[in-house]
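Engineer: Sending over a structure as structure tokens; questions will come in a sec.
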Amino acid sequence: MALLEVSNLNKIFGGLTAVNALDFHIEPGELLSMIGPNGAGKTTLFNLLTGFYKPTSGTITFNDIDITGCKPYQVTRHGIGRTFQLTSIFKESTVLENVMIGKSLHAAVGVLGSVLRTPATRREEKRIREKAREILSFVSLGDKENRIAGGLTEEAQKRLSISMALATEPKLLLLDEPTGGVNLEEISGLIELVGKIRKSGTSICLIEHKMRMVMSISDRIVVLNYGKKIAEGTPKEVANNAEVIRAYLGARYAA
Amino acid sequence: MLTLVCIWSILCISLNLIFGYTGQLSLAHSALLGVGAYSFGLATAKLGFPFWPAFIFTIVISGLFGFLIGIPALRLKGDYFVLVSLGFAVIIGLIVLSWVELTGGANGLSGIPRPTPIAFPWGGKLRFDSPLPMYYFVLLFLVLIAGISYRLVNSLLGKTFIAISYDENLTESLGVNTMSRRLLSFTVSAVFAGVAGALYASYNLVISPDIAHFIRGIDVLVYLIVGGTATTAGPIVGTLVMVAIPEVLQIVPALKTLINGLILVLFIIFLPTGIVGGFNTIPSKFLGLLRRLGIEGHGIA
Numbered sequence: 001m002a003l004l005e006v007s008n009l010n011k012i013f014g015g016l017t018a019v020n021a022l023d024f025h026i027e028p029g030e031l032l033s034m035i036g037p038n039g040a041g042k043t044t045l046f047n048l049l050t051g052f053y054k055p056t057s058g059t060i061t062f063n064d065i066d067i068t069g070c071k072p073y074q075v076t077r078h079g080i081g082r083t084f085q086l087t088s089i090f091k092e093s094t095v096l097e098n099v100m101i102g103k104s105l106h107a108a109v110g111v112l113g114s115v116l117r118t119p120a121t122r123r124e125e126k127r128i129r130e131k132a133r134e135i136l137s138f139v140s141l142g143d144k145e146n147r148i149a150g151g152l153t154e155e156a157q158k159r160l161s162i163s164m165a166l167a168t169e170p171k172l173l174l175l176d177e178p179t180g181g182v183n184l185e186e187i188s189g190l191i192e193l194v195g196k197i198r199k200s201g202t203s204i205c206l207i208e209h210k211m212r213m214v215m216s217i218s219d220r221i222v223v224l225n226y227g228k229k230i231a232e233g234t235p236k237e238v239a240n241n242a243e244v245i246r247a248y249l250g251a252r253y254a255a
Numbered sequence: 256m257l258t259l260v261c262i263w264s265i266l267c268i269s270l271n272l273i274f275g276y277t278g279q280l281s282l283a284h285s286a287l288l289g290v291g292a293y294s295f296g297l298a299t300a301k302l303g304f305p306f307w308p309a310f311i312f313t314i315v316i317s318g319l320f321g322f323l324i325g326i327p328a329l330r331l332k333g334d335y336f337v338l339v340s341l342g343f344a345v346i347i348g349l350i351v352l353s354w355v356e357l358t359g360g361a362n363g364l365s366g367i368p369r370p371t372p373i374a375f376p377w378g379g380k381l382r383f384d385s386p387l388p389m390y391y392f393v394l395l396f397l398v399l400i401a402g403i404s405y406r407l408v409n410s411l412l413g414k415t416f417i418a419i420s421y422d423e424n425l426t427e428s429l430g431v432n433t434m435s436r437r438l439l440s441f442t443v444s445a446v447f448a449g450v451a452g453a454l455y456a457s458y459n460l461v462i463s464p465d466i467a468h469f470i471r472g473i474d475v476l477v478y479l480i481v482g483g484t485a486t487t488a489g490p491i492v493g494t495l496v497m498v499a500i501p502e503v504l505q506i507v508p509a510l511k512t513l514i515n516g517l518i519l520v521l522f523i524i525f526l527p528t529g530i531v532g533g534f535n536t537i538p539s540k541f542l543g544l545l546r547r548l549g550i551e552g553h554g555i556a
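Chain order of the listed sequences is F and H.
All residue numbers for the first sequence refer to this note's numbering, where the first residue is 1 and numbers rise by one.
All residue numbers for the second sequence refer to this note's numbering, where the first residue is 256 and numbers rise by one.
Below, the structure written as structure tokens:
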């Protein structure tokens with residue numbers, strides 16, 4: 001049984017069909033990459049999957065539950081975490097606070113408990129803080145927990161945004177260009193992190209433009225163009241697909 | 256005078272919670288204040304409730320009111336919420352003026368009591384008829400509300416409020432139901448404003464529709480920006496400064512709004528973080544300046 005099953009998904013903005021009759025699935029533990037030219041509908045697809053946009057038609061089934069039309073926070077609670085294309089973190093807060101907010105959905109805290117600082121609330125906050133520290137050490141930011149997030153390097157901010165999504169304990173993690181805007185030398189560290197997350201049992205759906213990275217780490221690749229799936233398969237199959245080469249990869253990939 | 260500063264400070268703390276920390280600019284705070292003042296006034300003067308039951312009644316009504324108008328208003332985000340909140344402020348202002356049977360209309364509502372005297376264990380009573388005990392009574396509430404607000408925004412729950420003010424979509428994507436958190440913040444804010452309204456009614460003994468005029472919501476916003484949004488002391492410092500300035504300068508009331516506006520513009524341009532926020536940044540700016548001078552010095556050497 002597939003972890004995520006998308007069938008006949010459509011999204012129409014005014015006269016523009018951003019996602020067109022899309023079908024695909026993600027298996028448990030799989031790393032699926034979404035590639036395609038700019039404007040192909042990749043980020044729109046992420047917004048549809050996570051409830052930020054409502055599909056015009058079609059269904060999204062996750063873990064055997066129909067999550068079409070769920071609100072973003074509900075989707076997250078069902079087990080889909082995401083990062084955003086433009087690195088989204090709370091720049092004014094500390095690194096630890098960022099992850100704690102990501103972890104807060106697992107905390108039982110109320111107004112009265114928070115104001116009175118009841119032992120139960122304090123225990124809960126401590127538990128969340130410890131969990132957040134564990135996640136920070138997983139993404140190798142353990143030594144930076146008291147730094148203000150906005151002062152980190154772009155690479156560390158990417159790590160932080162991934163750790164925030166991880167804090168929600170996703171079964172499927174959607175990464176929107178996790179290496180965008182990062183130095184070439186620093187990319188390998190992020191690729192390593194993606195591998196590590198995958199090894200821990202989380203499925204990953206990746207939007208990426210860096211083809212060498214996509215080809216080396218993906219189990220399967222889905223290629224979008226003008227909102228339509230034009231190809232799907234293993235990296236090798238996709239790299240040799242004539243339409244993909246024409247629409248996206250360019251002739252130098254035809255080998 | 257200082258008693259009023261305390262009451263407006265409570266209202267300002269209320270606005271700080273929803274605007275400063277949660278990022279939702281509400282212009283409805285005159286309405287929330289008015290609902291508090293009139294709930295308290297009606298409960299005591301018309302229904303004959305003693306002070307404390309009326310006070311509890313006011314808290315319940317204010318919270319309920321905040322919750323009920325929050326549900327439709329907070330569905331809207333950004334500027335749309337600002338407009339709708341202003342709409343509520345105007346509507347409540349009109350209702351208290353026009354529903355004469357209930358509110359007494361422009362004549363207002365009189366016969367509102369001071370707090371019930373408290374009996375000392377050694378005999379005698381603490382009465383609130385004179386200004387000084389009333390001032391301490393209100394000050395006690397200011398400290399209480401400021402304390403509640405401080406604890407709330409420094410809790411994990413409060414961190415999610417602040418997160419919403421920074422980036423609502425990101426917060427939502429982390430599994431936080433941002434609509435319900437904003438509604439919670441607005442409801443707590445409404446309770447604070449209701450407390451301010453009840454204290455005002457009890458202090459002033461009479462209330463008139465003036466109390467719920469929407470301009471008051473904007474005045475309090477100016478206090479907050481001058482004092483410093485999203486700071487603990489900002490609402491109190493801002494209120495104190497902005498109430499004191501016209502008093503000290505002996506400005507005629509007509510000019511007050513003009514001066515307020517001028518001060519607001521100056522603050523937004525030169526010190527958008529307000530007085531308290533400025534205290535937190537000025538030292539670092541000063542150090543930066545020193546460092547620059549130091550580097551230049553080295554260059555010369």
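Even for Gly, the Cβ is constructed at its ideal location relative to N, Cα and C.
A quick note: this is a predicted structure, and the numbers were derived from the prediction, not measured.
In terms of alpha-carbon separation, which member of F:L249, F:K236 and F:I207 lies closest to G41 (chain F)?
Structural biologist: Counted from its first residue, the first sequence places residue 41 (chain F) at position 41. The shortest Cα separation from G41 (chain F) among F:L249, F:K236 and F:I207 belongs to F:I207.
Engineer: Relative to the alpha-carbon of V477 (chain H), which residue among H:V461, H:L526 and H:V503 has its alpha-carbon at the smallest distance?
Structural biologist: Here residue 477 (chain H) refers to the residue found at position 222 when the second sequence is read from its first residue. The shortest C-alpha separation from V477 (chain H) is found at H:L526.
Engineer: Which residues share a DSSP beta bridge with K11 (chain F)?
Structural biologist: Position 11 of the first sequence, counted from the first residue, corresponds to residue 11 (chain F). Bridge partners of K11 (chain F): F:V19.
Engineer: Per the DSSP calculation, T59 (chain F) is bridged to which residue(s)?
Structural biologist: For the purposes of this step, residue 59 (chain F) is taken as the residue at position 59 of the first sequence. According to DSSP, T59 (chain F) bridges with F:S7.
Engineer: Tell me the DSSP bridge mates of M34 (chain F)?
Structural biologist: In the first sequence, the residue the question calls residue 34 (chain F) occupies position 34. Paired residue(s): F:I207 and F:V222.
Engineer: Please name the residue, chosen from F:L193, F:G180, F:L175 and F:E154, that lies closest to L32 (chain F) on a Cα-to-Cα basis.
Structural biologist: Residue 32 (chain F) sits at position 32 when you count from the first residue of the first sequence. Nearest of F:L193, F:G180, F:L175 and F:E154 to L32 (chain F), Cα basis: F:L175.
Engineer: Given a limit of 9 Å on CB to CB distance, which residues of the region 63-75 of chain F reach chain H?
Structural biologist: Within the region 63-75 of chain F, the qualifying residues are K71, P72, Y73, Q74 and V75.
Engineer: Taking only three categories from DSSP, how would you classify T94 (chain F)?
Structural biologist: As a working note, residue 94 (chain F) is residue 94 in the first sequence. Of the three classes helix, strand and coil, the one that applies to T94 (chain F) here is strand, per DSSP.
Engineer: So with Cβ pairs under 9 Å, would you call T426 (chain H) a contact of chain F?
Structural biologist: What you label residue 426 (chain H) is simply residue 171 of the second sequence in a count that begins at 1. Cβ-Cβ to chain F under 9 Å: yes for T426 (chain H).
Engineer: Please confirm whether V450 (chain H) and I265 (chain H) have their CB atoms less than 9 Å apart.
Structural biologist: Counting from 1 along the second sequence, the entry for residue 450 (chain H) is found at position 195. Counting from 1 along the second sequence, the entry for residue 265 (chain H) is found at position 10. Yes. Within cutoff.
Engineer: At least one CB of chain C closer than 9 Å to the CB of A156 (chain F): is that the case?
Structural biologist: Of the protein chains in the structure, F and H, none is chain C.
Engineer: Tell me, to the nearest whole angstrom, how far the beta carbon of I218 (chain H) is from that of F310 (chain H); I am working on the premise that it is less than 8 Å.
Structural biologist: The first residue shown for chain H is 256 and the last is 556, placing residue 218 (chain H) beyond what the model contains.
Engineer: Are the region 37-55 of chain F and the region 395-409 of chain H touching, with three or more C-beta to C-beta distances below 8 Å?
Structural biologist: No: fewer than three Cβ pairs fall under 8 Å.
Engineer: Please tell me whether L268 (chain F) and G102 (chain F) are closer than 9 Å, where the distance is taken between their beta carbons.
Structural biologist: As shown, chain F starts at 1 and ends at 255. That puts residue 268 (chain F) outside it, with no answer to give.
Engineer: What distance in whole Å lies between the Cβ atoms of V75 (chain F) and L136 (chain F), which are believed to be in contact at a cut-off of 8 Å?
Structural biologist: Here the question's residue 136 (chain F) lines up with position 136 in the first sequence. Here the question's residue 75 (chain F) lines up with position 75 in the first sequence. Contact doesn't hold; Cβ gap of about 24 Å is too wide.
Engineer: Measuring CB atoms only, is the region 268-285 of chain H touching the region 332-346 of chain H, in the sense that at least three cross pairs come out at less than 8 Å?
Structural biologist: Yes, they touch.
Engineer: Suppose contacts are defined by Cβ-Cβ distances below 9 Å. Is I204 (chain F) in contact with V194 (chain F) by that definition?
Structural biologist: As a working mapping, residue 204 (chain F) is identified with position 204 in the first sequence. As a working mapping, residue 194 (chain F) is identified with position 194 in the first sequence. Cβ distance < 9 Å, so I204 (chain F) and V194 (chain F) count as in contact.
Engineer: Look up L407 (chain H) in the DSSP assignment and say whether it is helix, strand or coil.
Structural biologist: Reading the second sequence from its first residue, position 152 is the one you call residue 407 (chain H). Helix at L407 (chain H).
Engineer: Within the same chain, show all residues whose beta-carbon is closer than 7 Å to that of I26 (chain F), passing over the 5 residues directly before and after it, in chain order.
Structural biologist: Within the first sequence, numbered from 1, the residue matching residue 26 (chain F) stands at position 26. Here the set comprises A2, L3, L4, L32, L172, S203 and C205.
Engineer: By the three-class DSSP mapping on this structure, what secondary structure does H468 (chain H) have?
Structural biologist: Here residue 468 (chain H) is taken as the residue at index 213 of the second sequence, counted from 1. It is coil, neither helix nor strand.
Engineer: Taking the C-alpha atoms as reference points, what is the distance between V109 (chain F) and L152 (chain F)?
Structural biologist: By 1-based counting over the first sequence, the position of residue 109 (chain F) is 109. By 1-based counting over the first sequence, the position of residue 152 (chain F) is 152. Whole-angstrom Cα-Cα distance: 30 Å.
Engineer: Do you know how far the Cα of L341 (chain H) is from the Cα of G69 (chain F)?
Structural biologist: The residue given as residue 69 (chain F) occupies position 69 in the first sequence. The residue given as residue 341 (chain H) occupies position 86 in the second sequence. When rounded, the distance between both Cα atoms is 32 Å.
Engineer: Compare the C-alpha of T442 (chain H) against each of H:V260, H:I262, H:G291 and H:T258 and name the closest.
Structural biologist: Counting from 1 along the second sequence, the entry for residue 442 (chain H) is found at position 187. Checked all of H:V260, H:I262, H:G291 and H:T258; the closest Cα to T442 (chain H) is H:G291.
Engineer: Quick one: give me the first and last residue of the beta strand (DSSP E) that D176 (chain F) is part of.
Structural biologist: Residue 176 (chain F) sits at position 176 when you count from the first residue of the first sequence. Here the beta strand (DSSP E) through D176 (chain F) covers L172 to D176.
Engineer: Within 10 angstroms of the Cβ of D384 (chain H), are there 16 or more other Cβ atoms? Answer buried if so, exposed if not.
Structural biologist: What you label residue 384 (chain H) is simply residue 129 of the second sequence in a count that begins at 1. D384 (chain H) should be labelled exposed.
Engineer: Please list the residues of the region 143-176 of chain F that have a C-beta atom closer than 8 Å to any C-beta atom in chain H, keeping them in chain order.
Structural biologist: Residues passing the 8 Å Cβ filter: M164, A165, A167 and T168.
Engineer: For L517 (chain H), is the classification buried or exposed, using 16 other Cβ atoms within 10 angstroms of its Cβ as the cut-off for buried?
Structural biologist: Locating residue 517 (chain H) in the second sequence gives position 262, where the first residue counts as 1. Classification of L517 (chain H): exposed, given that the 10 Å Cβ count is below 16.
Engineer: With distances taken between CB atoms, is the gap from I367 (chain H) to N459 (chain H) smaller than 9 Å?
Structural biologist: Position 112 of the second sequence, counted from the start, is the residue given in the question as residue 367 (chain H). Position 204 of the second sequence, counted from the start, is the residue given in the question as residue 459 (chain H). Going by C-beta atoms, I367 (chain H) is nearer than 9 Å to N459 (chain H).
Engineer: Give the residues from the region 191-202 of chain F that approach chain H closer than 7 Å (Cβ to any Cβ), ordered along the chain.
Structural biologist: Per Cβ criterion, the list is empty.
Engineer: Excluding the 5 residues flanking K54 (chain F) on each side, which residues of the same chain have their C-beta closer than 7 Å to its C-beta?
Structural biologist: Within the first sequence, residue 54 (chain F) is the residue found at index 54, counting from 1. For K54 (chain F), where only same-chain residues beyond five positions count, the Cβ hits under 7 Å are G69.
Engineer: Against L105 (chain F), what residues of chain H qualify as contacts under a CB-to-CB distance less than 8 Å, listed in chain order?
Structural biologist: For this step, residue 105 (chain F) is matched to residue 105 along the first sequence. Result: L429, G430 and V431.
Engineer: Report buried or exposed for D143 (chain F), applying the criterion of at least 16 other Cβ atoms within 10 angstroms of its Cβ.
Structural biologist: As a working note, residue 143 (chain F) is residue 143 in the first sequence. With fewer than 16 Cβ atoms within 10 Å of its Cβ, D143 (chain F) is classed as exposed.
Engineer: Quick check on the burial criterion: 16 or more other C-beta atoms within 10 angstroms. Buried or exposed for R82 (chain F)?
Structural biologist: Locating residue 82 (chain F) in the first sequence gives position 82, where the first residue counts as 1. Flag for R82 (chain F) reads buried.
Engineer: For A374 (chain H), does the three-state DSSP call read helix, strand or coil?
Structural biologist: Numbered from its first residue, the second sequence carries residue 374 (chain H) at position 119. Here A374 (chain H) sits in strand by DSSP.
Engineer: Suppose the cutoff is 8 Å on Cβ atoms and the five residues either side in sequence are ignored; what does the same chain contact list for V532 (chain H) look like?
Structural biologist: Counting from 1 along the second sequence, the entry for residue 532 (chain H) is found at position 277. Residue identity check: residue 532 (chain H) is Gly in the sequence provided, not Val. Closer than 8 Å at the Cβ level, and outside the excluded window around G532 (chain H), lie G483, T484, A485, T486, G489 and L526.
Engineer: Between H:I373, H:F274, H:V351 and H:P388, which has its C-alpha nearest G289 (chain H)'s C-alpha?
Structural biologist: One-based indexing of the second sequence puts residue 289 (chain H) at position 34. It is H:V351 whose Cα lies nearest to the Cα of G289 (chain H).
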